[in-house]
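Student: Supplied in structure tokens, the structure appears directly below.
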Amino acid sequence: MELEAKYDPRQVEDRIYREWMKFDFFHAEPNEKKEPYTIVIPPPNVTGVLHMGHMLNNTIQDVLIRKARMEGKEACWVPGTDHASIATEARVVAMLREKNIKKHTLTRETFLEYAWEWREKFGGIILEQLKKLGASCDWKRTSFTMDPDYYKAVIRVFTDLYNKGYIYRGLRMINWDCEAKTALSNEEVIYNEDGEKATLYSVRYKVKESKDDWVTVATVRPETILGDTAIAVNPHDRRYKKLVGKYVLVPFINREIPVIQDDYVDKEFGTGCLKITPAHDPNDYEIGLRHNLPVIDTINDDGTLNDKCGVVKYTGIDRFEARKMIIRDLEKSGHLVGTQDFMTRIGRSERTQSIVEPKLSLQWFVRMKEISGKALKAVESGEVALHPSKFKNVYRHWMENVRDWCVSRQLWWGHRIPAWYFGEDVDDFVVAENEADAIKLARKKTGNASLTLKDLRQDPDVLDTWASSWLWPLEVFKGFDDSCYNRKSGKIIVKNNQDLSYFYPTNVLVTAPEILFFWVARMIIAGYEYAGKKPFQDVYLTGIVRDKLRRKMSKSLGNSPDPLDLIEQYGADGVRTGMLFSSPAGNDLLFDVKLCEQGRNFANKIWNAFRLVQGWTTDAGADSPENDLTTQWFESRMNEALGNMEEQFGKYRISEALLSIYRLIWDDFCSWYLELIKPPYGQPIGLNTYHKTLEFLEQLMKMLHPFMPFITEEIYRNMKQRDERDYLIISPWPGKGNFNRKLIEDAGEVFAVISNIRNIRNANGLSARQPLRLLIKSDH
RNA sequence: GGGAUCUUAGCUCAGUUGGUUUAGAGCGCUGCCUUGACAGGGCAGAGGUCGUGGGUUCGAACCCCCCAGGUCCCACCA
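Going left to right, the first sequence walks through residues 498 to 1277 as this note's numbering numbers them.
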């Protein structure tokens, strides 16, 4: 067989992947004779495309799952996608806008039809891309967070949490996106890094029944003045002692509001007086609660002022336009006493970029403190181990200060909240898994047995995406299936079905630190709450993929290479090793295409080593004691490296494990071993040495396979005649072999001598290229 | 403001409980070699008072304190 001197991944990778698929090597089933090894993929956004972060993340998962598979474990890597409610809805809205269709002109049903259509069209792309990377996922288990069973599970869990008292509907200060008309979680609000320039207005309020006494406050949001219900000063501020208890008048409308004392107020800031607008500022809201202040909500959902503001000319005007008008009017009326530039941080919606308004709103919340206790302990005690462990501190800090989780989103794409309203009162609702149950409950609650579905209105909102993805490790194994939970006492406990009891808890979760709280912590909570068990043993937190200048890779910067282009150019093997060459857990990865080039070069090096060995002829008489010694040395060296790799894998030091095998192959095998045993051109090699060399090559391919699955499989299949189903991907991981440290050390000394000879020859202009054994003979 | 973490060769990072590390790797750099697997190759070499200043110790890159700088997370000031 004549082999090309250049290894071309394009002629190998797709073919090999199809062969693996043909024999169903990726699929795993409960098998009591084998130990399970499970990974669930962090489900990418269903409409997303592969980016460099995915490449890194999924390469690591594939390395781990392939190694486990070779170790004889029942290796199950569950793939899937996330419906990603906000992100996907935003994309569908944008797509419709291009067609000149506005979302609000559509019914919910029509909009969802468009969304599903969109999903059908683009939903599979990212999974196909993963196949290009070589991901050996159990595709038969592919899940989607809005699959019918998954949808049911999410609703079931919501209902259960409500029944247990962990979910409540409450008036809370939330971040409001006036453009998308939706609540945002804190995590979805972004702040400009350096802060932003704003104007701080000094506005004076007249003290009631005084001749010319005024109180001056500072504000950057004069439009909220009309919602003021108090002025607060610090209790220790002597300047204002005499004002406390008096009333001042709100400009324009002359509402009488009290001057109160609260520790929150900073004496040093501005004038030391703070206007209190409970409806439009979180801190003011808290102060309002403490002092029983009325709440006057002056801003509509779309950001315009409403009639509660009390001034007709501002009603219906957008808040920023109204601000301008109010400033002009304050100036005219003599209330504005000064302005100054001021650096502040302005929150913007991650999706729409519009400025976020704090707003009081009825939303659904999960009481996090009550259900997160076990999850905190699990990480503290190491029952769930974070890698690197420095994230333990971060995790603890967050869990100890966890806030209630606002789970409702004013969107259509997602799991619709299973609450039904039957009246105008805040308590006129029921929570149930389905309409039939809802009617029953509503009849009971109202005492009206003739109530029908028509009398009920389902909550229009959907659940936060994470309220579905936190069930991922359970529901991919159908944990909330009808047959697997019991409803005695109205509570749900996941019973172990066959898959679940075998594959759960999973072994490791590989994900980004940025979603440690959104997702990882919540999965741990859900795991203990519903299965009574942790969802995974280890959490491997990857770094962020950055460019050479340490900038985060992003679409807007245009500094992110297209992963598929990279694969086309360097092969999946090359890209995988490129990603891994520099990515210790938790450290950011400074990506450089040169690393992929290094990976591709490595593939080529291996290919040529194979080409050399494959071209040899053999002769039983050509074996020599020198060659025997050489094979003994290499065997030792190889086993030493294998031990190192095992150790590194145990600590999730994947890139170091790769470096071990990289050096073993490049330096020890190619540069020393092959050079030492290489027969003179055209001459045969000793039969024994030859067989040993093939054994070595095979073991090296095994050790490298998790990292570079394609080229190793190709060589494995081609190095000798094999059975139809004898593939490297399922071949056993090499057992621990002995190694002779003395032999390795001695060889090191010998090699140093040889290097020295080479140097001398080099200096004398003699060829250093000739086979090492001739070199040694001629100089000794 | 609260917390975490980092600072080792030109770059990116290892250095495990302080003593075989006279401080290592990969890439880069410099020089030399090149018809016999591979120029996408081979060999060799140069490069670091381990951020600053103290301290503990027989001994510190490693432990303690101070300072300087970087990164990240959380909260957020009208």
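Backbone N, C-alpha and C define an ideal beta-carbon position, used for all residues, glycine too.
Give the straight-line distance between the Cα atoms of Leu833 and Val700, rounded to the nearest whole angstrom.
Tutor: Start at 1 with the first residue of the first sequence, and residue 833 comes out as number 336. Start at 1 with the first residue of the first sequence, and residue 700 comes out as number 203. When rounded, the distance between both Cα atoms is 5 Å.
Student: Check this for me: beta carbons of Arg825 and Thr801, under 9 Å apart or not?
Tutor: Your numbering for residue 825 matches position 328 in the first sequence. Your numbering for residue 801 matches position 304 in the first sequence. No, the Cβ-Cβ distance between Arg825 and Thr801 is not below 9 Å.
Student: Quick check: what's the CA-CA separation for Asn898 versus Asn890?
Tutor: Numbered from 1 along the first sequence, position 401 holds the residue referred to as residue 898. Numbered from 1 along the first sequence, position 393 holds the residue referred to as residue 890. Roughly 12 Å separates the two Cα atoms.
Student: Alpha carbon to alpha carbon, how far is His551 from Lys871? Give it in angstroms, no decimals.
Tutor: In the first sequence, counting from the first residue as 1, residue 871 sits at position 374. In the first sequence, counting from the first residue as 1, residue 551 sits at position 54. C-alpha separation (whole angstroms): 30 Å.
Student: List the endpoints of the continuous beta strand (DSSP E) containing Tyr665.
Tutor: Residue mapping note: residue 665 aligns to position 168 of the first sequence, counting from 1. Per DSSP, Tyr665 belongs to the beta strand (DSSP E) from 664-674.
Student: According to DSSP, is Asp1116 part of a helix, a strand, or is it coil?
Tutor: Taking the first residue of the first sequence as 1, we reach residue 1116 at position 619. Here Asp1116 sits in strand by DSSP.
Student: According to DSSP, simplified to helix, strand and coil, what is Glu499?
Tutor: Residue 499 sits at position 2 when you count from the first residue of the first sequence. Note: Glu499 maps to coil in three-state DSSP.
Student: Should the segment 578-590 be called in touch with the segment 1214-1231, which here means at least 3 C-beta pairs below 8 Å?
Tutor: These segments do not touch.
Student: Can you tell me which of the three DSSP states Lys703 falls into?
Tutor: Taking the first residue of the first sequence as position 1, residue 703 is located at position 206. Strand.
Student: Please name the residue in Asn1141, Phe1099, Phe1207 whose C-alpha comes closest to that of Trp1163.
Tutor: Here residue 1163 is taken as the residue at index 666 of the first sequence, counted from 1. If we check each option's Cα against that of Trp1163, Phe1099 comes out closest.
Student: Could you check the C-alpha separation between Gly1040 and Tyr1149 for me, to the nearest Å?
Tutor: Walking along the first sequence from the start, residue 1040 turns up at place 543. Walking along the first sequence from the start, residue 1149 turns up at place 652. About 13 Å.
Student: Can you give me the C-alpha to C-alpha distance between Lys1102 and Tyr1159, rounded to a whole angstrom?
Tutor: As a position in the first sequence, residue 1102 is number 605, starting the count at 1. As a position in the first sequence, residue 1159 is number 662, starting the count at 1. Lys1102 and Tyr1159: Cα-Cα distance of roughly 11 Å.
Student: Leaving out five residues on either side along the sequence, give the residues of the same chain with a beta carbon under 8 Å from the beta carbon of Arg1048.
Tutor: As a first step, residue 1048 must be located in the first sequence, where it is residue number 551. Within the same chain, Arg1048 has close Cβ partners Leu1054, Asn1056.
Student: Alpha carbon to alpha carbon, how far is Pro1231 from Arg1238?
Tutor: Position 734 of the first sequence, counting from 1, holds the residue named residue 1231. Position 741 of the first sequence, counting from 1, holds the residue named residue 1238. Rounded to whole angstroms, Pro1231 to Arg1238 spans 19 Å at the Cα level.
Student: Could I get the ranges of all uninterrupted alpha helix (DSSP H) runs contained in the segment 1084-1117, with 4 residues as the minimum, in chain order?
Tutor: 1090-1111
Student: Can you find the residues in the same chain that come closer than 6 Å, C-beta to C-beta, to Leu1006, ignoring five residues on each side of it along the sequence?
Tutor: Your numbering for residue 1006 matches position 509 in the first sequence. Closer than 6 Å at Cβ, skipping near neighbours: Phe1033, Val1036.
Student: Taking its Cβ as the centre, do 16 or more other Cβ atoms sit within 10 Å of Phe520, making it buried, or is it exposed?
Tutor: Here residue 520 is taken as the residue at index 23 of the first sequence, counted from 1. Exposed.
Student: What is the residue span of the alpha helix (DSSP H) that Thr556 lies within?
Tutor: Locating residue 556 in the first sequence gives position 59, counting from the first residue. Here the alpha helix (DSSP H) through Thr556 covers 549-567.
Student: Rounded to whole angstroms, how far is the Cβ of Trp910 from the Cβ of Ala935, which I believe are closer than 8 Å?
Tutor: In the first sequence, counting from the first residue as 1, residue 910 sits at position 413. In the first sequence, counting from the first residue as 1, residue 935 sits at position 438. In fact, because the Cβ distance is near 22 Å, the residues do not count as touching under 8 Å.
Student: Classify Leu723: buried if its beta carbon has 16 or more other beta carbons within 10 angstroms, exposed otherwise.
Tutor: One-based indexing of the first sequence puts residue 723 at position 226. Buried, since its Cβ has 16 or more Cβ neighbours within 10 Å.
Student: How big is the Cα-Cα spacing for Asp1243 and Ser1121?
Tutor: Looking up residue 1243 in the first sequence gives position 746. Looking up residue 1121 in the first sequence gives position 624. In a straight line, the C-alpha of Asp1243 is about 19 Å away from that of Ser1121.
Student: So the alpha helix (DSSP H) Ser846 belongs to, where does it begin and stop?
Tutor: In the first sequence, counting from the first residue as 1, residue 846 sits at position 349. Here Ser846 belongs to no alpha helix (DSSP H); instead the beta strand (DSSP E) covers 844-846.
Student: How is the beta strand (DSSP E) around Glu753 delimited, first residue to last?
Tutor: In the first sequence, counting from the first residue as 1, residue 753 sits at position 256. That run of the beta strand (DSSP E) goes 753-758.
Student: Just checking, does the segment 1127-1136 make contact with the segment 529-539 on the three C-beta pairs under 8 Å criterion?
Tutor: no
Student: Taking the runs of the beta strand (DSSP E) that are 3 residues or longer, which of them lie wholly in the segment 1188-1268?
Tutor: Whole beta strand (DSSP E) segments, 3+ residues: zero.
Student: Report the three-state DSSP secondary structure of Thr1186 (helix, strand or coil).
Tutor: Counted from its first residue, the first sequence places residue 1186 at position 689. Thr1186 falls in the helix class under three-state DSSP.
Student: Let me know if Ile750 comes out buried or exposed under the rule of 16 or more other beta-carbons within 10 Å of its beta-carbon.
Tutor: Taking the first sequence and counting its residues from 1, one reaches residue 750 at position 253. Around the C-beta of Ile750, fewer than 16 other C-beta atoms lie within 10 Å, and the residue is accordingly described as exposed.
Student: Rounded to whole angstroms, what is the Cα-Cα separation between Lys821 and Glu720?
Tutor: Along the first sequence, one-based indexing puts residue 821 at 324. Along the first sequence, one-based indexing puts residue 720 at 223. Lys821 and Glu720: Cα-Cα distance of roughly 8 Å.
Student: Taking the C-alpha atoms as reference points, what is the distance between Lys866 and His777?
Tutor: Taking the first residue of the first sequence as 1, we reach residue 866 at position 369. Taking the first residue of the first sequence as 1, we reach residue 777 at position 280. About 26 Å.
Student: Between the C-alpha atoms of Asn672 and Ser858, what's the straight-line distance to the nearest angstrom?
Tutor: Reading the first sequence from its first residue, position 175 is the one you call residue 672. Reading the first sequence from its first residue, position 361 is the one you call residue 858. A direct Cα-to-Cα measurement between Asn672 and Ser858 gives close to 9 Å.
Student: Going by C-alpha distance, which of Tyr999, Lys705, Phe619, Val762 is nearest Ala525?
Tutor: Indexing the first sequence from 1 puts residue 525 at position 28. Among Tyr999, Lys705, Phe619, Val762, the Cα nearest to that of Ala525 belongs to Tyr999.
Student: So His912 packs on Val651, CB below 8 Å; how close in whole Å?
Tutor: The sequence position of residue 912 within the first sequence is 415, counting from 1. The sequence position of residue 651 within the first sequence is 154, counting from 1. Indeed, because the Cβ distance is near 4 Å, the residues count as touching under 8 Å.
Student: Hey, which unbroken runs of the beta strand (DSSP E) at 3 residues or more fall wholly within the segment 845-879?
Tutor: At a cut-off of 3 residues, the continuous stretches assigned as beta strand (DSSP E) that sit fully inside the segment 845-879 are 854-863.
Student: So Ile1227 and Arg566 are in contact, right, with Cβ under 8 Å, and what is the actual spacing, rounded?
Tutor: On the first sequence, residue 1227 is found 730 positions in, with the first residue counted as 1. On the first sequence, residue 566 is found 69 positions in, with the first residue counted as 1. Contact holds; Cβ gap of about 7 Å.
Student: Using a threshold of 9 Å, state whether the C-beta atoms of Tyr1224 and Trp517 are closer than that.
Tutor: Reading the first sequence from its first residue, position 727 is the one you call residue 1224. Reading the first sequence from its first residue, position 20 is the one you call residue 517. In this structure, Trp517 lies closer than 9 Å to Tyr1224 by Cβ.
Student: Can you tell which of Phe641, Trp574, Val991 has its C-alpha closest to the C-alpha of Lys1030?
Tutor: As a position in the first sequence, residue 1030 is number 533, starting the count at 1. Among Phe641, Trp574, Val991, the Cα nearest to that of Lys1030 is on Val991.
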